[in-house]
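Okay, here's the thing in structure tokens:
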């Protein structure tokens, strides 16, 4: 089974348990607080709330920052338990690689690795997903093509390359990808492809890091899907009923651009969200799963009924939004 | 998009363009370009019709209102018959105008209350014209059309219509075609002022009554309050708009006839209006004379404007149909 399908099944298994409703209530309750408003810009699910909550005192000291209130113990525990579940899921997904290359730790591969979160009080993960469902998904995720690539290219990385080196390099490449935007291929990829042989150590190392970035991005998509499942049963879609004009499909990055009519359910779309695009963009009518990378103009400015521009990164069958970017490496 | 033709005298220019089809060589060229084959009889019919229609239009221009509607109706119907033959390579089969005229049922003397009933689908001229110059909608059997409905559909009569028949409103709304750019994507859409829509009542219902509303645009999302309602095209820019002589764009609204939403094209509405006025002046000279001489309601101003509009716009619309593009005549002043 493809990983994307397995991810949808995993989300479906969340169903409508008591815990889900309580968690949803917690998120909704804090979404309009200063913590919620600031956390939403980080786009890192429960992690954003926990991180800002831990740093609330230092943030509140800044003259321009909104004061962050302390969370109720019950809400904090809900968030922590949910995050522990996600961390556990992510850790298990990448275990073949972390076993094969111990310095490439679960933290290196974590979508949250850019930030340091202090140890959490909660010790038991949420029961939102049963262990059986978790196992089923993890088994499927182990067929991720980038896991194989990362393991096969691991020899290009010297044993002295510590986990901290790994983390720093991954974050550096991630930042470079982010800096050039959704429609451009970063120079470090173009340079390597244009000037170095595929068998060169540099290209192999780049494939290795490309695979790590792909795995990390896949986990980020998985986490976001689970997070979104708490609020919606269906992914929001851009289709013939709200598309004003499709732009180009950028083959190098797997990004498509669109101007759509803002309104209705799409009020809720934020950068980082996963949506479906149903269109005959490349001749055939097809459903594209995409991550929203850019939206303009932003929510406070735009009103329902007005046009909105989106850059959407296509997510492949393995939940990887960076597959096209590294496909030529 | 319209093709702009620079001219100091659009009326004369449009007849120059139409008159080329009164010459066999141009008719044959048209036939070759459109894969048609003309018999000598049809060719003569086209050439003769176009010459005759121009003569009727010229005569109508210099005639008093007492008889000008009839002359203009003859000119219009002969022009449509000739150009229909040009576009189909067939001589007309019609044996009847395809319309009947009815006086108002009460005591009204308003021209607006006279009625036209399209009849004889198989051998009526109106339906024959509608088959070529309309969107194929079948008019007979759908009920009567008041002159008010016809006048309400003519963009250039907008001000006179609303002054004369208050609180009646026209059956079209002015629209702006806006081109915008977001990110790398340039897109075009229609924009209607909310104040205009509000005059008709529920803005959403008004927009829904626009011709092709569901087919041409993605579902409307109107934000209230706002200055405009934006209508985004489903695919390409729709071609259902109607235009004033000066080129102002309007979105036509459907009429509900016999449970059906219908909107004849401008040419068909104009020929129906001309038929009504021509019939009235020809067969009811007492009523027409009284109206022309003693109208105190101001309706005469609207009728004169209607006549003047038909005189200028009718040949233009026929030319658009022949050429398959909208021609906009403009007197442009060079800024060099």
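Residue numbers (my numbering), protein chains in the order written: chain H, -19 to 309; chain W, 16 to 351.
In this text, a Cβ means the ideal position worked out from N, Cα and C, and glycines have one as well.
DSSP has residue i in a bridge; who is on the other side?
i: residue 270 of chain H; result: H/255 and H/294
i: residue 268 of chain W; result: W/225
i: residue 20 of chain W; result: W/344
i: residue 206 of chain W; result: W/191 and W/245
i: residue 276 of chain H; result: H/289
i: residue 237 of chain H; result: H/291
i: residue 114 of chain W; result: W/133
Given a threshold of 16 other Cβ atoms within 10 Å of its Cβ, counted over all protein chains shown, does residue i qualify as buried or as exposed?
i: residue 230 of chain W; result: exposed
i: residue 191 of chain H; result: buried
i: residue 246 of chain H; result: Here the model assigns residue 246 of chain H a pLDDT of 48, short of 50, so the residue's position is not dependable and the matter cannot be decided.
i: residue 300 of chain H; result: buried
i: residue 28 of chain H; result: buried
i: residue 212 of chain H; result: exposed
i: residue 70 of chain H; result: buried
i: residue 180 of chain W; result: buried
i: residue 298 of chain H; result: buried
i: residue 49 of chain W; result: exposed
i: residue 196 of chain H; result: buried
i: residue 267 of chain H; result: exposed
i: residue 19 of chain W; result: exposed
i: residue 53 of chain H; result: exposed
i: residue 8 of chain H; result: exposed
8 Å is my cut-off, CB to CB: does residue i come that close to chain H?
i: residue 198 of chain W; result: yes
i: residue 237 of chain W; result: yes
i: residue 233 of chain W; result: yes
i: residue 249 of chain W; result: yes
i: residue 60 of chain W; result: no
i: residue 165 of chain W; result: no
i: residue 195 of chain W; result: yes
i: residue 241 of chain W; result: yes
i: residue 219 of chain W; result: no
i: residue 202 of chain W; result: yes
i: residue 245 of chain W; result: yes
At a Cβ threshold of 8 Å, is residue i touching chain W?
i: residue 225 of chain H; result: yes
i: residue 220 of chain H; result: yes
i: residue 284 of chain H; result: yes
i: residue 171 of chain H; result: no
i: residue 289 of chain H; result: yes
i: residue 239 of chain H; result: yes
i: residue 252 of chain H; result: no
i: residue 232 of chain H; result: no
i: residue 303 of chain H; result: no
i: residue 148 of chain H; result: no
i: residue 228 of chain H; result: yes
Rounded to whole angstroms, what's the CA-CA distance from residue i to residue j? Just pull it up for me.
i: residue 100 of chain H; j: residue 5 of chain H; result: 21 Å
i: residue 334 of chain W; j: residue 306 of chain W; result: 33 Å
i: residue 436 of chain W; j: residue 261 of chain H; result: The structure shown does not extend to residue 436 of chain W, since chain W is modelled only from 16 to 351, so the question has no answer here.
i: residue 75 of chain H; j: residue 235 of chain W; result: 50 Å
i: residue 271 of chain H; j: residue 216 of chain H; result: 11 Å
i: residue 62 of chain W; j: residue 21 of chain W; result: 26 Å
i: residue 153 of chain W; j: residue 186 of chain W; result: 20 Å
i: residue 294 of chain H; j: residue 305 of chain H; result: 11 Å
i: residue 182 of chain W; j: residue 215 of chain W; result: 10 Å
i: residue 98 of chain W; j: residue 164 of chain W; result: 26 Å
i: residue 320 of chain W; j: residue 198 of chain W; result: 46 Å
i: residue 303 of chain W; j: residue 78 of chain W; result: 15 Å
i: residue 291 of chain W; j: residue 269 of chain W; result: 21 Å
i: residue 208 of chain W; j: residue 194 of chain W; result: 16 Å
i: residue 191 of chain W; j: residue 109 of chain W; result: 40 Å
i: residue 53 of chain W; j: residue 103 of chain W; result: 9 Å
i: residue 119 of chain H; j: residue 80 of chain H; result: 17 Å
For residue i, I'd like the list of residues in its chain whose CB is within less than 6 Å of its CB, leaving aside the five on either flank, ordered along the chain.
i: residue 106 of chain W; result: 57, 60 and 100
i: residue 329 of chain W; result: 91 and 285
i: residue 37 of chain W; result: 62, 65 and 66
i: residue 36 of chain H; result: 48
i: residue 272 of chain W; result: 157 and 158
i: residue 25 of chain H; result: 203 and 207
If you drop the 5 nearest sequence neighbours on each side, which residues of the same chain put their C-beta closer than 8 Å to that of residue i?
i: residue -12 of chain H; result: 205
i: residue 177 of chain H; result: 183
i: residue -16 of chain H; result: 269, 295, 296, 297, 298 and 299
Among the residues of its own chain, which have a CB less than 7 Å from the CB of residue i, if the five just before and after it don't count?
i: residue 303 of chain H; result: 194, 234 and 296
i: residue 258 of chain H; result: 217, 219 and 267
Are the C-beta of residue i and some C-beta of chain B separated by less than 8 Å?
i: residue 243 of chain H; result: Chain labels in this structure do not include chain B; the protein chains are H and W.
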